[in-house]
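Below is one structure, written out as structure tokens; comments come after it.
4 protein chains.
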Amino acid sequence: MVTHTPEKLQIVLKSIEDFLKQEIYPLEKMFLAQDFENLLPQLEQKRQQVKDLGLWAPHLPEAYGGLGFRLIEFAKVSEVLGQSPMGHYVFNCQAPDVGNMEILMHHGTDEQKEVFLKPLTQGQIRSCFAMTEPEHAGSNPTWLSTTAVKDGDDYVINGHKWFTTGADGAAFAIVMALTDPNSDQPHQRASQIIVPMDTPGFKIIKNLSVMGESGSGNFSHAEVMFEDCRVPQINLLGPENAGFVLAQERLGPGRIHHCMRWIGICERAFKLMCQHVVSRELSPGKPLSSRQLIQSWIAECRAEMNASRLMVLDTAEKMDQHGAPAVREEISLIKFYVADVLQKVLDRAIQAHGALGMTDETPLAFWYRHERAARIYDGTDEVHKVAAAKKILKRYV
Amino acid sequence: MVTHTPEKLQIVLKSIEDFLKQEIYPLEKMFLAQDFENLLPQLEQKRQQVKDLGLWAPHLPEAYGGLGFRLIEFAKVSEVLGQSPMGHYVFNCQAPDVGNMEILMHHGTDEQKEVFLKPLTQGQIRSCFAMTEPEHAGSNPTWLSTTAVKDGDDYVINGHKWFTTGADGAAFAIVMALTDPNSDQPHQRASQIIVPMDTPGFKIIKNLSVMGESGSGNFSHAEVMFEDCRVPQINLLGPENAGFVLAQERLGPGRIHHCMRWIGICERAFKLMCQHVVSRELSPGKPLSSRQLIQSWIAECRAEMNASRLMVLDTAEKMDQHGAPAVREEISLIKFYVADVLQKVLDRAIQAHGALGMTDETPLAFWYRHERAARIYDGTDEVHKVAAAKKILKRYV
Amino acid sequence: MVTHTPEKLQIVLKSIEDFLKQEIYPLEKMFLAQDFENLLPQLEQKRQQVKDLGLWAPHLPEAYGGLGFRLIEFAKVSEVLGQSPMGHYVFNCQAPDVGNMEILMHHGTDEQKEVFLKPLTQGQIRSCFAMTEPEHAGSNPTWLSTTAVKDGDDYVINGHKWFTTGADGAAFAIVMALTDPNSDQPHQRASQIIVPMDTPGFKIIKNLSVMGESGSGNFSHAEVMFEDCRVPQINLLGPENAGFVLAQERLGPGRIHHCMRWIGICERAFKLMCQHVVSRELSPGKPLSSRQLIQSWIAECRAEMNASRLMVLDTAEKMDQHGAPAVREEISLIKFYVADVLQKVLDRAIQAHGALGMTDETPLAFWYRHERAARIYDGTDEVHKVAAAKKILKRYV
Amino acid sequence: MVTHTPEKLQIVLKSIEDFLKQEIYPLEKMFLAQDFENLLPQLEQKRQQVKDLGLWAPHLPEAYGGLGFRLIEFAKVSEVLGQSPMGHYVFNCQAPDVGNMEILMHHGTDEQKEVFLKPLTQGQIRSCFAMTEPEHAGSNPTWLSTTAVKDGDDYVINGHKWFTTGADGAAFAIVMALTDPNSDQPHQRASQIIVPMDTPGFKIIKNLSVMGESGSGNFSHAEVMFEDCRVPQINLLGPENAGFVLAQERLGPGRIHHCMRWIGICERAFKLMCQHVVSRELSPGKPLSSRQLIQSWIAECRAEMNASRLMVLDTAEKMDQHGAPAVREEISLIKFYVADVLQKVLDRAIQAHGALGMTDETPLAFWYRHERAARIYDGTDEVHKVAAAKKILKRYV
């Protein structure tokens with residue numbers, strides 16, 4: 001049963017949950033009221049506590065100072081961490097760093113690991129991933145304009161990217177750029193290249209204003225520009241022209257992480273909703289929870305959240321056993337299904353809170369606006385529905 | 001992982017599926033075009049084949065000639081059988097007999113087992129369950145008018161019931177009647193009493209016309225009347241005034257059976273939809289499956305069906321381990337969730353078939369109209385949503 | 001204001017409504033329990049009463065014995081008639097006859113009018129319209145296989161049609177057949193030809209079993225075959241190769257009629273639901289109508305029904321003023337919008353009735369199963385959504 | 001036909017639309033990027049232009065310098081103004097001032113009109129309305145804690161309010177306070193009292209952080225406190241203890257204004273969506289608009305927006321003719337129906353924009369987060385559904 005959790009893992013999950021409640025929840029009001037940057041000193045301290053507790057970087061192998069968890073184990077951790085907007089950051093498994101660590105671990109050279117991966121695993125630096133371009137629809141990932149042309153021992157990169165999450169304050173970017181733009185195989189045109197943020201010609205134009213906030217640090221999405229930006233060819237990550245293969249690799253587990261994080265958000269929102277409706281009175285002695293419409297939301301949320309968790313864990317287990325390519329259909333299904341549940345749960349939780357739900361007294365409004373993107377990033381609902389359907393229909397032709 | 005199926009069970013499931021495809025699917029056109037009664041001779045023959053194959057009555061203990069399956073095992077069988085409207089009947093695990101067998105097994109006296117249970121397990125007779133009354137809303141199961149008054153060694157029963165499924169042609173009914181109508185405890189007012197169909201004063205008024213069909217035999221729902229209907233008190237099933245306790249007992253597993261049967265229906269409908277859209281052309285060479293709206297239905301159905309199965313099997317496993325009372329919340333959640341998915345899958349499958357979907361060339365239209373009741377019988381959506389929510393909210397007060 | 005109804009029309013509507021309630025509603029139980037054919041003698045008598053009351057054929061010009069109503073006026077009549085399944089038939093404005101009358105009026109020769117139209121307007125005969133073919137998706141109406149080849153003074157027709165509504169007992173069919181199959185213009189390949197039902201080579205294969213019922217007469221949908229079926233060329237209706245133009249013409253007003261009829265069904269279902277929930281008790285003194293979920297259905301139904309009526313009447317008024325081609329976008333919008341509302345209202349009405357809603361004690365179950373087709377016939381939801389969107393998007397290119 | 005607009009009004013609407021496009025749209029990027037206060041100088045200038053064009057305050061009688069529009073006329077203006085977030089402000093018909101003007105006009109004394117109303121109509125001051133209290137659910141409007149106790153010629157007010165929109169920078173508040181807290185009639189316990197913002201004891205605690213923004217000026221929602229706040233009794237607005245009657249009065253037309261403003265937002269969002277999908281390419285030459293899922297959103301939005309407008313205008317016309325109490329059912333229906341359409345249209349428009357939809361490059365994200373409140377303020381969806389249903393069901397008892 002995928003929902004079965006061995007005792008050892010249960011203890012870890014409980015420790016993480018307790019830590020969040022005691023140490024992180026109290027910071028949420030500040031998080032919701034201020035720029036993320038202002039919280040860094042306190043979060044740095046919390047990260048040290050996490051290290052001291054032996055809970056650091058659950059997704060990383062023990063050799064890298066992590067807990068060595070399999071995907072299904074980390075998935076359960078991810079749900080717990082998702083219950084606070086700062087959870088993943090404090091345990092150093094925030095996107096996009098978690099994906100960058102993974103790719104560096106599997107495809108980095110020894111030198112790349114030493115220079116880029118090591119400090120990343122220890123939380124000394126942050127990184128970003130520059131793929132999406134404003135000029136091209138994200139639903140067609142092979143349609144890029146950014147190029148990396150060889151010149152001597154260097155690549156010379158030119159291009160325009162946006163939604164480069166966490167570029168602000170990062171130490172380096174992994175950049176997707178065309179290295180063989182005319183290849184017959186659209187999926188073999190691009191490479192992933194490591195570009196330190198201070199490389200001349202690499203410039204953050206601005207942090208995009210997203211849902212009213214430009215954010216900062218890990219909680220920001222930059223528009224960036226590469227103008228004759230020159231890096232040594234040894235910064236190539238993995239084989240040349242294998243950019244999409246590597247991207248695909250990171251996306252499988254990445255979507256599991258996201259889905260479980262969303263379920264964590266759902267669980268927190270659900271808890272807030274339940275706590276609110278049993279205590280908020282419509283008239284003396286008559287709580288909101290006595291109303292049938294509220295009750296129906298509670299039941300519907302619970303069913304959809306149970307369904308989500310079971311499907312994601314089932315997919316994670318299959319991925320652990322058979323690898324990511326074997327579960328592409330399932331990955332597409334959970335991506336759009338859970339993103340939809342997330343939006344519905346947040347919507348009902350806000351509605352149950354009434355005016356309070358619109359305020360930043362709870363994290364609901366933060367998630368409502370920023371996780372609207374869940375149905376867009378890493379493949380829109382529509383892209384995943386079509387992809388899953390095509391895989392399924394092939395079996396009937 | 002709940003979806004894991006041991007090899008031995010896999011073989012049984014495969015045998016059942018093959019049998020259905022070879023022996024039962026070909027009878028469907030006849031089933032959809034005629035009264036059920038007309039098919040009985042052929043179905044009797046199929047039942048014998050099932051016995052010969054050693055697949056008879058998978059839900060029954062081996063001592064009763066069954067396969068001795070646990071709930072989670074039978075759940076998986078039920079999904080396979082659900083793929084044809086006649087599946088459960090042919091394997092002798094059709095409602096309401098399956099529930100009656102269970103209750104007789106657990107609560108029947110030796111004599112009751114000999115007289116009523118044994119021929120039922122062997123498929124020699126059928127039975128029915130008379131609970132719902134036209135005068136009272138089913139959502140309040142303790143509000144009954146039918147009474148059983150002691151007189152000498154007998155009960156004298158008076159009352160009016162409907163939706164007594166399968167009364168037509170049954171050998172006996174299990175009747176819910178008030179035996180202590182004034183008890184302070186609404187749940188301790190009624191008893192379950194066995195009433196042979198030929199008992200004087202027990203009369204089938206008519207088979208109700210349901211969605212245009214009065215049906216016959218196991219595929220009918222009767223309105224029945226008890227007028228000074230007299231049975232010996234030894235026909236009491238289980239303790240006196242324990243009618244609701246027994247009813248509750250049968251409903252837990254019963255809802256698992258229904259849910260898995262519905263998933264079987266979904267799987268068949270999904271298969272029919274996929275087969276249709278890849279072969280039906282909008283113009284030469286351009287199949288319906290090339291249309292994005294169709295693709296989105298395929299993906300949404302697949303996700304919801306996966307979610308349904310995982311939730312039901314997860315609940316079944318928990319019920320096997322901890323008993324039915326431990327999973328009442330889950331039972332309510334799956335009851336309304338899966339019934340909703342069933343209706344949506346059938347609706348999309350019909351829409352994808354166009355005009356063909358309205359005809360009785362496929363079983364879709366049969367299920368569309370008769371399984372509309374899935375959201376009503378054994379507790380409406382609304383009853384289950386409210387029940388689940390109340391259980392959940394108690395944890396927050 | 002489209003909802004404004006002049007006093008004179010109000011009086012007519014009131015007379016029709018009263019007539020339905022007094023004369024037609026009492027026949028509904030019989031209608032729901034039996035073959036339509038059995039009711040014909042009684043319906044014939046009702047038709048005579050309608051004639052005597054001066055309410056016959058409201059859609060027809062006075063010269064043809066009708067009330068001479070404009071589209072918006074007839075739309076309002078159609079809503080009232082829609083409240084009973086037999087309403088339109090009794091007033092001789094049932095599909096497909098109403099469309100056939102219209103097309104004969106506009107495009108028939110004097111002789112065609114004398115032979116076919118006149119008895120049709122007087123209710124002496126019925127007719128049908130043979131367009132859809134089982135081999136081709138209805139969403140591509142120009143893709144037909146039926147041919148009409150000239151031979152001497154005749155057309156020789158060969159082809160296979162289905163969903164020829166009301167063929168059973170009709171006097172003639174209007175048949176869509178290819179007369180110029182190789183034309184560059186797909187919309188100029190077919191003609192409409194009048195074929196008396198007794199023409200040799202024209203055969204009803206069967207009344208299709210639709211949602212469990214083969215029906216009869218006007219309430220049936222036939223599969224028909226043309227094998228070297230020979231009719232004189234004077235039976236051509238309108239210009240040669242103008243079949244689609246004529247079909248398009250009939251469909252505009254036809255969809256208004258359907259939409260208003262559906263709104264009538266909604267109003268009746270809504271009334272039944274309201275009446276039921278205020279009288280059905282959950283426990284003594286506590287009616288179903290006290291439950292918030294029921295209340296939310298009532299409010300949602302009411303809003304959607306109001307929206308539907310306003311949109312359809314607004315479209316009808318524009319069509320009266322500017323002609324059908326000017327409102328194609330609106331026609332597509334109301335077609336899928338109102339069909340969706342119809343299904344939702346019926347679904348909620350059934351759910352509110354509980355088990356009773358599944359029976360044929362009310363007309364709800366009849367409409368639930370047969371009006372499932374509303375989202376399919378005369379263009380599926382999907383066809384209309386795409387058509388409307390394309391029209392809209394053209395304005396932004 | 002409610003959609004018919006006399007030529008004179010058409011000209012005004014066209015002038016307003018042109019003004020918005022030329023003068024206000026260009027300010028939107030600034031509006032979306034900065035505090036509202038920063039824009040005030042430029043908006044002041046635009047307001048002067050509006051006055052010069054003779055378009056000022058369309059809702060006000062000519063005697064007050066307005067256009068003297070009836071409700072249905074102003075409704076159409078409100079739709080146009082709603083297309084930009086600043087529209088209503090620039091024409092001086094922003095909430096809550098528009099409601100305050102109305103109430104002062106109908107119920108103010110001559111002196112109140114001179115001191116408070118006149119400068120408000122001329123846009124020299126702003127005002128706010130302090131009703132909602134954080135301690136009590138808004139769905140029970142009569143449950144208040146704020147009191148106004150007579151002391152000499154004064155009222156002494158004590159209480160705590162929030163969501164006092166536009167308090168920041170306002171000249172005065174209209175405050176709802178209990179003046180007869182023990183009345184048997186819950187609706188006759190409170191009065192409306194005018195309280196200048198600079199009255200000692202009246203304090204803005206803070207502008208609430210709502211969806212990540214505290215805002216400023218008219219675009220802010222304050223938490224305020226009254227501590228022994230003393231105002232002369234001549235500041236009573238209307239009769240004593242008539243606070244709810246007056247509140248009810250303002251809410252009828254207020255909801256029409258909101259609904260039409262929301263339709264304006266929908267129209268703008270729809271336009272942005274259509275423009276985006278025809279120009280955004282998935283691959284060279286293949287625009288997003290070629291995708292069936294996008295097309296279905298376009299059609300569904302268009303249908304729902306048409307439905308919304310017709311229902312709101314129909315209600316406005318009836319209110320003009322028969323008064324607000326006659327259309328309470330309709331008001332409730334449009335309130336929840338249109339708020340739902342608003343959310344759906346914005347959601348689809350964002351989804352169609354992909355990542356761009358999350359940014360503040362368009363006003364979509366602003367509306368998405370702030371108009372989430374449309375389903376909450378002025379009565380939640382649930383409050384209105386129940387209210388409408390109860391009115392409807394009364395007719396069936």
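One line per chain: the protein sequences are A, B, C and D, in this order. According to my numbering, the residues represented by the first sequence are 1 to 397, in order. According to my numbering, the residues represented by the second sequence are 1 to 397, in order. According to my numbering, the residues represented by the third sequence are 1 to 397, in order. According to my numbering, the residues represented by the fourth sequence are 1 to 397, in order. Glycine included, C-beta positions come from ideal geometry on N, C-alpha and C. Every value quoted in this text rests on a predicted model; they were computed, and no experiment measured them.
So residue i is in the alpha helix (DSSP H); what residue range does that whole segment cover?
i	result
ILE103/A	97-107
ASP153/A	Taken as a continuous stretch (DSSP letters only), ASP153/A belongs to no alpha helix (DSSP H), as it is neither H nor E.
GLU399/B	The question about residue 399/B has no answer, for chain B in this structure spans 1 to 397.
ASP347/D	328-353
If you draw a straight line from the C-alpha of residue i to the C-alpha of residue j, how long is it?
i	j	result
ALA269/B	ARG47/B	25 Å
ALA148/C	PRO181/C	10 Å
HIS106/D	LYS21/A	54 Å
LEU9/A	GLU73/A	7 Å
ASN140/D	ARG372/B	38 Å
THR132/C	PHE163/C	7 Å
ASP314/D	MET305/C	14 Å
HIS353/B	SER296/B	15 Å
ALA247/A	THR142/A	11 Å
SER214/A	THR165/A	11 Å
ASP110/A	ILE103/A	13 Å
Comparing the C-beta of residue i with each C-beta of chain C, is any distance below 8 Å?
i	result
TRP143/B	yes
GLY138/B	yes
Over the uninterrupted beta strand (DSSP E) stretch that includes residue i, give me the two end residues.
i	result
PRO196/A	190-196
GLU281/B	281-283
Using a C-beta cutoff of 8 Å, does residue i count as contacting chain B?
i	result
ILE234/A	no
ALA365/C	yes
Is the CB-CB distance between residue i and residue j below 8 Å?
i	j	result
PHE226/D	GLY159/D	yes
VAL167/D	CYS128/D	Here residue 167/D turns out to be Ala, not Val, going by the sequence shown. Closer than 8 Å, so yes.
ILE174/B	VAL90/B	no
CYS301/B	ARG348/B	yes
GLN292/B	ARG291/D	yes
MET101/D	LEU81/D	no
Can you find a C-beta in chain D that's less than 8 Å from the C-beta of residue i?
i	result
TYR25/C	no
Excluding the five sequence neighbours on either side, which residues of its own chain have a C-beta within less than 7 Å of the C-beta of residue i, listed in chain order?
i	result
GLY123/C	ARG47, ASN92
ILE331/B	GLY252, ARG255, THR315
Once you ignore the five residues that flank residue i on each side, which residues in its own chain have a CB closer than 8 Å to its CB?
i	result
ASP378/C	LEU251, GLY254, ARG255, HIS258, LYS335
Considering only residues of the same chain and omitting the five flanking positions on each side of residue i, which have a CB-CB separation below 6 Å?
i	result
VAL77/D	PRO58
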